[in-house]
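Read in order, the letters of the sequence shown are residues -16 to 418 in my numbering.
Everything on this sheet refers to the single structure shown next.
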Amino acid sequence: MKIAVIGAGYVGLVTAACLADLGNDVICNDIDKSKVSKLKRGIVPIYEPGLEDLLKRNTKEKRLSFTTNLRDAVRKSEIIFIAVGTPPKENGEADLTHIETVCKNIAHYMNSYHLVVEKSTTPVETGMWIKHTLQVYARKKVKFDVASNPEFLREGSAIEDFMHPDRIVIGVETKKAKDILVDLYKPLGTEIVVTNINSAEIIKHASNSFLATKISFINAVANICEKSGADVEEVAKGMGLDKRIGRAFLDAGIGFGGFCFPKDIEAFIHISEKLGYDFELLKAVKKINDQQKISLVKKIEKAIWNIKNKTITVLGLAFKPNTDDMRFAPSIKMIEALKGEGANIKAYDPQAMAKAKLLPEFKGVKFCRDAYDAVRGADCVVVATEWNEFKELNLKRMKKLLRQPVVIDGRNIYEPEKMKDLGFRYYCIGRARQG
């Protein structure tokens, strides 16, 4: 099939690369000339395991190309995936101006039938507005269909998620649109959920919000465990063995981050309010998540007394391992709070430091060449991202390099008993034997 993907961001690049790898002819379009130029030279602007090889292979096989020319992208394709950004406004509502602009331009250039698919995460009723915009701005009365095909890609395992999905959701209005998308995804051999466009849009927000709710729930339970002497790891295991609950997303820590969960929760709350429903549950989910970062700062203060003028090492800056994404990363608020208390911050992340250095919240932070360099002379080590590299550190060496043997484990990657046996003052999330 001939496909255009509009937007060379995270979702757009993964979608374009994977669809090309399935044998389709894919044009990926973006207005950022510098980004497109780099992609043509094989330079990938984001870190995602396997993506660079996938892009290079399909570019070499001439199944994938990049362009800033939207007219060519539209007219050389039958299916158009819209994968542009939908950043949150100050009130939490999704900003859909990029989608509207793209739809106006698509309408202007269409000269034959096209299936226009919203791939970006959008609030319910966006499909209706996309259809309206295409109708209003189409220069020629060409036929088209609109569909919703939400993505469920986890950063760090996006290619695996695309190629081996739990399900594919498509929201359509016509049999033709359904047949095209079912045929497109048939090679993946998974269940395809076909519904109307509004339902598909809500499935995306509801899915992410539910997963975020599980995270906030186990973090709330972790706080109870700390106060009662229970171990949240054992509690989560006991809960997760119940098939109705499942173990996934029951890992206590300093809260969720990234671009999806925080943005989608805010958007779903706002959508609900516009429709006349007060989604109090999601407001509580957001509040608990925000409090987790503050509680970690309190743990640090408890462990080293006064924070002012102390040197604190933060291991991990990205919101999760196997990505360089700093958007809404818990490390940002935490480091901002520590700097506000007068701490000197040293930091290390295997992939995210280049992006972190560009953030104003990290001004004055000393970025280190590796984890051992980062912990040297520090009064405290904070684990903020659960990179495998940190799990494999030589803990005896780390202890010798520290000024004080204090570890605040915001991701529960170490065993409390082992840390105490090694002589660390060890603080984690919701587990027994702390301090």
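Note that beta-carbon positions come from the ideal geometry of N, C-alpha and C, so glycine has one too.
Counting only the Cα atoms, LYS124 lies some 49 Å from PRO313. Contact between THR306 and GLY110 does not hold, since the beta-carbon distance rounds to 29 Å and is not under 8 Å.
Judged by DSSP secondary structure, CYS208 falls outside any beta strand (DSSP E) and instead within the alpha helix (DSSP H) spanning 180 to 211. The C-alpha of VAL364 is placed about 29 Å away from the C-alpha of LEU194. Nearest to LYS102 by C-alpha distance, out of GLY68, LYS59, LYS114, LYS276, is GLY68. When Cβ pairs closer than 8 Å are counted between the two stretches, the segment 321 to 330 is seen to touch the segment 346 to 356, the count reaching three or more.
Using a 10 angstroms sphere on the CB of TRP370, the tally of other CB atoms reaches 16 or more, which defines it as buried. Straight through space, the alpha carbons of PHE407 and LYS382 are spaced by roughly 7 Å. For the pair of segments examined, the segment -3 to 9 was found to touch the segment 40 to 47: the number of CB pairs separated by less than 8 Å reaches three. Considered as a whole, the segment 262 to 328 harbours 294 to 298 as its complete beta strand (DSSP E) runs of no fewer than 3 residues, in chain order. Distances from the CA of ILE237 to each of GLU284, ASP261, MET317, GLU184 were compared; the closest alpha carbon is that of MET317.
Here the alpha carbon of ALA337 sits roughly 11 Å from the alpha carbon of LEU300. Under the Cβ criterion (8 Å, minimum of three pairs), the segment -14 to -1 counts as touching the segment 51 to 66. Under a 10 Å Cβ-count criterion, HIS97 is classified as buried, with 16 or more other Cβ atoms of the shown protein chains found around its own Cβ.
Residue state for GLY221 is assigned as helix, using DSSP reduced to three classes.
In the three-state reduction of the DSSP assignment, LYS349 falls in the strand class. In the three-state scheme derived from DSSP, where H, G and I count as helix and E and B as strand, ASN7 is classed as coil.
Our two residues, ASP261 and HIS253, have alpha carbons roughly 9 Å apart in a direct line.
Straight-line measurement puts the Cα of LYS197 at about 26 Å from the Cα of ILE283. Taking each of ARG394, ASN52, LYS72 in turn and checking the Cα distance to TYR92, the smallest one comes out for ASN52.
In the DSSP annotation of this structure, the continuous segment of the alpha helix (DSSP H) that includes ALA337 starts and ends at 336 to 339.
By the CB criterion at 8 Å, ALA189 and VAL215 fall outside the cutoff. The beta-carbon separation of SER192 and ILE271, rounded to 13 Å, does not stay under the 8 Å limit for a contact. DSSP, reduced to helix, strand and coil, places VAL358 within a helical segment of the structure shown.
Going by beta carbons, VAL152 and PRO133 fall inside the 8 Å limit. The C-alpha of VAL204 lies about 17 Å from the C-alpha of ASP392. With a threshold of 16 other beta carbon atoms within 10 Å, LEU(-4) meets it and is buried. Within the same chain, LEU378, LYS379, LYS382 come within 7 Å of LEU405 by CB-CB distance, once the 5 residues on both sides are set aside.
Beta-bridge partners of CYS363 (DSSP): ILE295.
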